[in-house]
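S.K.:
Residue numbers (the numbering used here): 1 to 524.
1. Let me know the secondary structure DSSP gives residue 410 once reduced to three states.
2. Per DSSP, which one or two residues make a beta bridge with residue 28?
3. Grouping DSSP H, G and I as helix and E and B as strand, with all else coil, what is residue 388?
4. Buried or exposed: where does residue 320 fall if 16 or more other Cβ atoms within 10 Å of its Cβ makes it buried?
5. Which same chain residues end up closer than 8 angstroms to residue 498 when comparing Cβ atoms and leaving out the 5 residues on each side of it in sequence?
6. Compare the Cα-Cα distances from residue 239 to each of 259, 214 and 84 and report the closest residue.
7. The alpha helix (DSSP H) spanning residue 446 covers which residue range?
8. If you draw a straight line from the C-alpha of residue 57 to the C-alpha of residue 278, how long is it?
9. So the alpha helix (DSSP H) residue 529 belongs to, where does it begin and stop?
10. Below 8 angstroms CB to CB, which residues in the same chain sit around residue 373 once its five sequence neighbours on both sides are set aside?
11. For a test of the three-state rule: what should DSSP assign to residue 239, helix, strand or coil?
12. Around the Cβ of residue 299, are there at least 16 other Cβ atoms within 10 angstroms (buried) or fewer (exposed)?
13. Would you identify the three-state DSSP class for residue 248, choosing helix, strand or coil?
14. Only counting the same chain, and skipping five residues up and downstream in sequence, which positions put a Cβ closer than 8 angstroms to that of residue 479?
15. Sorted by chain position, which residues of the same chain lie with C-beta nearer than 8 angstroms to residue 448's C-beta, five sequence neighbours on each side aside?
16. Specify the secondary structure class of residue 477 as computed by DSSP and reduced to three states.
17. Could you say which of 155, 236 and 212 lies nearest to residue 88 if we only look at CA atoms?
18. Nearest to residue 291 by CA position, among 250, 211 and 150, is which residue?
19. Please work out which residues of its chain come closer than 7 angstroms, Cβ to Cβ, to residue 198, disregarding the five sequence neighbours upstream and downstream, and give them in chain order.
20. Three-state secondary structure (DSSP) at residue 152?
21. Who does residue 436 pair with in a DSSP beta bridge?
22. Taking the DSSP output, what are the residues bridged to residue 416?
23. I'd like the list of long-range same chain contacts for residue 330, defined as Cβ closer than 8 angstroms, with 5 residues on each side in sequence excluded.
24. Would you mind stating whether residue 42 and residue 181 have Cβ atoms separated by less than 9 angstroms?
25. Enumerate in chain order the residues of its own chain whose CB-to-CB distance from residue 504 is below 7 angstroms, with the five nearest sequence positions on each side excluded.
26. Can you give me the Cβ contacts of residue 398 inside the same chain, cut-off strictly under 7 angstroms, excluding the 5 residues immediately before and after it?
27. Residue 291 by DSSP, collapsed to three states: which one?
28. Per DSSP, residue 502 is paired with what?
29. Taking the alpha-carbon positions, what's the residue 45 to residue 476 distance?
30. Terminal residues of the continuous alpha helix (DSSP H) containing residue 102?
31. Taking the alpha carbon of residue 464 as the reference point, which residue from 384, 211 and 164 has its own alpha carbon closest?
32. For residue 27, does the count of other Cβ atoms within 10 angstroms reach 16, so buried, or fall short, so exposed?
33. In this structure, does DSSP put residue 279 in helix, strand or coil?
34. Relative to the ligand MN, is the shortest distance from any of its heavy atoms to the C-beta of residue 419 smaller than 8 angstroms?
35. Helix, strand or coil for residue 492? Go by DSSP, reduced to three states.
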């Protein structure tokens, strides 16, 4: 794709890695869309080929499953999560912007702030986890190799260095982030696979702590909880795929985009299964990372430092980049760089507070649970909307709110499409009531299926059924469906889209943002 001409005979322009990204959430011009499906694969796999994913891979063992039960739970979580995630890479090429802004087509240009909230929740969680666990791995290695004391001050300093380096990459933007992930995809895969050699002499293929070790008392509740925690990793990409796929040309085939996401998530089995396997080696230890470093051969301890550093950079960057990008659209006084600095600082404070005041396992458990239950119904509504709209979107109209304007085909009712909101709210609320992510999220109906967590099927079913029923009973206006009309649902005739006009209540910052984007579009 990178070498082909685009409409109007303009050759694609490849930005330099060291060039600070010019674009925020404005529509990416065709001439700047120089990425392809393989880049979407690399940035997903690179962002997950890290210690943060390894940590999630340890949870099935920490919760009391045997080795092979943990492997099965991991496979289920990755595959199911990948299937739910796949369609989220389709919006960026069609709209030229990120998924939160694209969601305005289904939630309304103001209602799309819901997507911004979900991306903020996910970014803080995974940025924090990545810096947290990578910092702990570096601290353990320094203790083993150079007898550096392992204390809160040392770990805090390491967190600060990692966090600052992540922010530097984020400030430079997409091309720098893509370059980092190109390295991580290869380097960390090789280093992790070398763990097969490093731990061969101490690995036990028959590891099984027995039924009395199940964290939730019996097998199935523990198995399902383990699979849901693993599933949180692919689901966490849902709000961010558009950050990267917006640089892919709009004519890219649907199958190649879906395939890039699915294969990238399958590739994450490399760090996941490393986590499963190594967790059995240090089972019973209070600090998995520190204990693993202590039992590793000296030559592999050095490699773990590289894995931790590259991994912390990659996951932190992919998480923070998208939220800084989107936060600047909700608060237009902040540029993409300023918004990234603000979110990065907020997340760093969370890291310090979480590390010193809370239990790591409980904190991760709660955040993953909230992400899965709140993000999956949003993703389902977006996917159904894509299907019934036949993939038709107006890049100009999804930008109305960001530009301080009102009107357009996605204005609906005061900027909110209550069909999408009315499906998401009960799905998320009721899903949380069925959730069982102890000890912080324990819904009142968590034991309704014998202790098995059924929050995911409940939230998915409610979102899908309510949204489809509303689309049929209260059809959307025909102008949102494009020239081919709706697919499988009716449309409301005789309703014209309100004209796009400046919003007199909009801030001066939004008006300036709109002017800058129009000037940039003219120059491009």
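For every residue, glycine included, the Cβ atom is placed at its ideal position computed from N, Cα and C.
M.R.: Walking through what the data contain:
1. coil
2. None; residue 28 has no bridge partner.
3. helix
4. buried
5. 406, 407, 408 and 411
6. Between residue 239 and the set 259, 214 and 84, the nearest pair of CA atoms involves 84.
7. Run containing residue 446: none; DSSP gives neither H nor E here.
8. 9 angstroms
9. Residue 529 falls outside the range modelled here, since the chain spans only 1 to 524, and no answer is possible.
10. When the five nearest sequence neighbours on each side are left out, the beta carbons in the same chain lying within less than 8 angstroms of the beta carbon of residue 373 are those of 428, 431, 432, 435, 455, 456 and 459, in order along the chain.
11. coil
12. exposed
13. coil
14. 409, 495, 496 and 497
15. 434 and 454
16. strand
17. 236
18. 150
19. 296, 297 and 300
20. The answer is helix: DSSP assigns residue 152 an H, G or I state.
21. Beta-bridge partners of residue 436 (DSSP): 442.
22. 413
23. 113 and 116
24. yes
25. Closer than 7 angstroms at Cβ, skipping near neighbours: no residue.
26. 95, 97, 101, 102, 104, 105, 109 and 410
27. helix
28. 405
29. 37 angstroms
30. 99-102
31. 384
32. buried
33. helix
34. Among the ligands in the structure shown, none appear at all, so the ligand MN cannot be discussed.
35. strand
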